[in-house]
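Notes follow the structure.
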Amino acid sequence: MPLGNSADKWGALSKWLHWLIALLIIGTSVLIWHVNDSTYWFKSTAPIFLEYVHWHKAFGLLALVLILVRLWWRRRNPPPQVAELTPFEERWSKRVHAAFYILMVIVPISGWVSSSFFGSPTKVFGWFVVPGIVPENKDMVPFAYWAHFGLAWALMLLVVGHIGGALYHHFVRKDRVLTAMLPERG
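In terms of the numbering used here, the sequence shown opens at residue 7 and continues consecutively.
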């Protein structure tokens, strides 16, 4: 399979980035929701809680790096035409994808800002520490946390809509939108 996109097919790198970023976004969300739902099991200073938060932050920063690579790659490899869309659907698709990319960049950055305001170092898989993006400011932590939380929920709603749209195209429209992003067989 070619690395780059063609006029009617997604290339290998686009597919890999799509699925890896999807796994990271969904995985980090599930991880932190588990931690937040489990706070009655342990206090927020417990080692396991802090470990989960460090994993969430490390995977979030990895997602940010991959999203930036994906944006760079997409500018050099325009998306293929995998379905016939009406002008309305085309506009809607472009707006939803723009919102996706904006949120995929802003959500990890807002988490990084929140962590920085808190004064909590971001250890990336125990390899190195990422410095704060803003100076420590405990007064800003609640605002930054809730901004990150709200933006993450908006991103998750887009993920659910994206999955629903892919399934709609596959089962109702019976076009290639979903299968075009799946790995090729054979």
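Built from N, CA and C at the ideal position, the CB exists for glycine as well.
I'd like to confirm the pairing. Which residues does DSSP put opposite residue i in its beta bridges?
i, result
"LYS129", "VAL135"
Under three-state DSSP, which class holds residue i?
i, result
"PRO114", "helix"
"GLY167", "helix"
"SER12", "coil"
"GLY66", "helix"
"GLY17", "coil"
"ASN42", "helix"
"GLU90", "coil"
"ALA52", "coil"
"VAL140", "coil"
"MET6", "Shown here, the chain extends from 7 to 192; a query on residue 6 therefore has no answer."
"LYS100", "helix"
"ASP145", "helix"
"TRP47", "Low local confidence applies: a pLDDT of 49 at TRP47 is under 50, so the model's placement there is unreliable, with the coordinate-based value given in what follows. Three-state DSSP puts TRP47 in coil, outside helix and strand."
"LEU157", "helix"
How long is the line joining the alpha carbons of residue i and residue j, rounded to whole angstroms?
i, j, result
"PHE177", "LYS129", "43 Å"
"TRP47", "VAL183", "With a pLDDT of 49 at TRP47, under the threshold of 50, the predicted position of this residue should be treated as unreliable, though the coordinate-derived value follows. Whole-angstrom Cα-Cα distance: 43 Å."
"VAL140", "GLY125", "9 Å"
"VAL136", "LEU68", "12 Å"
"GLY66", "TRP79", "20 Å"
"MET187", "LYS144", "43 Å"
"SER20", "GLY132", "29 Å"
"ALA153", "VAL111", "14 Å"
"TRP61", "PRO127", "12 Å"
"ALA64", "TRP98", "33 Å"
"SER122", "ALA150", "10 Å"
Can you tell me the Cβ-Cβ gap for residue i and residue j, rounded? I've got them flagged as a contact below 8 Å.
i, j, result
"SER12", "PRO86", "6 Å"
"SER120", "VAL147", "7 Å"
Count the other CB atoms, across all protein chains shown, that sit within 10 Å of the CB of residue i; report buried if there are 16 or more and exposed otherwise.
i, result
"PRO114", "buried"
"GLY170", "exposed"
"ARG195", "Because the chain spans 7 through 192 in this model, residue 195 falls outside it and cannot be assessed."
"HIS175", "buried"
"TRP118", "buried"
"LEU9", "exposed"
"TRP159", "exposed"
"LEU164", "buried"
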